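Enquirer: Mind looking over this structure? Questions follow.
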Amino acid sequence: MSDELKRQAALRALAEIRDGMIVGLGTGSTAAHFIRELGGARLKVAGIPTSEESRRLAEEAGIRLTTFKEHPRIDVTVDGADEVSPELDLIKGLGGALVREKIVAHASKRVVIIVDESKLVDRLGQKAVIPIEVIPLAVPCVLLLVQQLRGEARVRERDGLPFVSDNGNSIVDWNHGIIDDPTTLEKQLKAMTGVVDSGIFANVAHCAIVAGGQGIRKLERA
Ligand code: 5RP
Numbered sequence: 673m674s675d676e677l678k679r680q681a682a683l684r685a686l687a688e689i690r691d692g693m694i695v696g697l698g699t700g701s702t703a704a705h706f707i708r709e710l711g712g713a714r715l716k717v718a719g720i721p722t723s724e725e726s727r728r729l730a731e732e733a734g735i736r737l738t739t740f741k742e743h744p745r746i747d748v749t750v751d752g753a754d755e756v757s758p759e760l761d762l763i764k765g766l767g768g769a770l771v772r773e774k775i776v777a778h779a780s781k782r783v784v785i786i787v788d789e790s791k792l793v794d795r796l797g798q799k800a801v802i803p804i805e806v807i808p809l810a811v812p813c814v815l816l817l818v819q820q821l822r823g824e825a826r827v828r829e830r831d832g833l834p835f836v837s838d839n840g841n842s843i844v845d846w847n848h849g850i851i852d853d854p855t856t857l858e859k860q861l862k863a864m865t866g867v868v869d870s871g872i873f874a875n876v877a878h879c880a881i882v883a884g885g886q887g888i889r890k891l892e893r894a
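In this text, residue positions in the sequence shown follow my numbering: the first is 673, and each later residue adds one.
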């Protein structure tokens with residue numbers, strides 16, 4: 673999977689942005705391309721970042737930042753994804769920013785997903801695990817609950833230590849396998865005490881810009 677494809681998808685997403693817009697800034701290597709390109713485009717926008725990393729990148733790129741207090745509604749959010757289904761349901765969160773990404777996406781009038789074609793799957797769960805952000809105290813309980821349902825789950829680590837999200841929480845990666853009904857599974861996970869949210873984003877994306885060897889395609893949600 674080429675970084676150049678990610679950059680092309682990011683560049684195309686710039687066409688969605690106009691002066692005066694409040695823009696949600698995603699997290700990950702593809703979203704990082706978008707943040708840099710947006711900074712370079714010198715549009716008069718204000719950004720709301722989905723992670724501390726994206727905040728840092730946006731500041732470096734010279735993008736003015738704002739908050740939900742000033743702007744509780746976002747015009748358009750541009751973010752990456754780990755898997756995209758034909759219905760444009762998503763798995764996100766391999767970068768660990770899923771909670772802020774979901775808050776920003778749900779506050780957005782339009783959500784544009786930028787990916788290279790390796791992220792397209794017939795059904796969610798084909799390749800990616802489901803990241804679940806969990807209050808640290810509840811991690812053993814959530815591990816037990818999800819493994820009783822199906823598959824294997826483990827606590828995410830980084831450099832041999834438990835990964836800590838920007839919100840101070842842990843991430844449980846659940847190897848669920850194929851997801852038949854993303855909407856129901858997303859609700860089921862959200863209902864578990866101790867779970868902050870999961871990386872299943874059902875019915876959130878309005879369109880996906882997909883860069884591949886044959887060019888760029890834009891998929892709109894039906
Ligand atoms: C971070 C995310 C990212 O958008 C997702 O992991 C895709 O990242 P990349 O563009 O680096 O492949 O959800 O939490």
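For every residue, glycine included, the Cβ atom is placed at its ideal position computed from N, Cα and C.
Quantities reported herein were computed from a predicted structural model and do not represent experimental measurements.
Which runs of the beta strand (DSSP E) spanning at least 3 residues fall entirely within the stretch 695–733, listed in chain order?
Expert: 718–721
Enquirer: Looking at Asp845 and ligand 1, is the gap between the Cβ and the nearest heavy atom below 8 Å?
Expert: No, since every heavy atom of ligand 1 falls outside the 8 Å radius drawn around the Cβ of Asp845.
Enquirer: Assign Leu697 to buried or exposed, taking buried as 16 or more other Cβ atoms, counted over all protein chains shown, within 10 Å of its Cβ.
Expert: buried
Enquirer: With burial defined as no fewer than 16 other Cβ atoms inside 10 Å of the residue's Cβ, what is the status of Arg728: buried or exposed?
Expert: exposed
Enquirer: Mapping the DSSP letters down to three states, classify Glu759 as helix, strand or coil.
Expert: In this structure, Glu759 counts as coil in the three-state DSSP scheme.
Enquirer: Please tell me whether, using a cut-off of 8 Å, the distance from the CB of Gly711 to the nearest non-hydrogen atom of ligand 1 is below it.
Expert: no
Enquirer: The alpha helix (DSSP H) with Lys781 in it runs from where to where?
Expert: Here Lys781 belongs to no alpha helix (DSSP H); instead the beta strand (DSSP E) covers Ser780 to Asp788.
Enquirer: Are the CB atoms of Leu770 and Ser674 within a distance shorter than 9 Å?
Expert: no
Enquirer: Going by C-alpha distance, which of Glu688, His705 and Arg826 is nearest Lys781?
Expert: Glu688
Enquirer: What is the rounded straight-line gap between the Cα of Asp838 and the Cα of Glu724?
Expert: 7 Å
Enquirer: Can you give, in chain order, each stretch of the alpha helix (DSSP H) that sits fully within the stretch 801–834 and has at least 4 residues?
Expert: 811–821
Enquirer: Using only alpha-carbon positions, find the residue among Met693, Ala777, Leu677 and Asp794 that is nearest to Asn875.
Expert: Ala777
Enquirer: Could you tell me how far apart the beta carbons of Ala883 and Lys678 are, in whole angstroms, since I believe they sit closer than 8 Å?
Expert: 7 Å
Enquirer: Quick one: what's got a C-beta closer than 8 Å to Ala863's C-beta in the same chain, skipping five residues either side?
Expert: none
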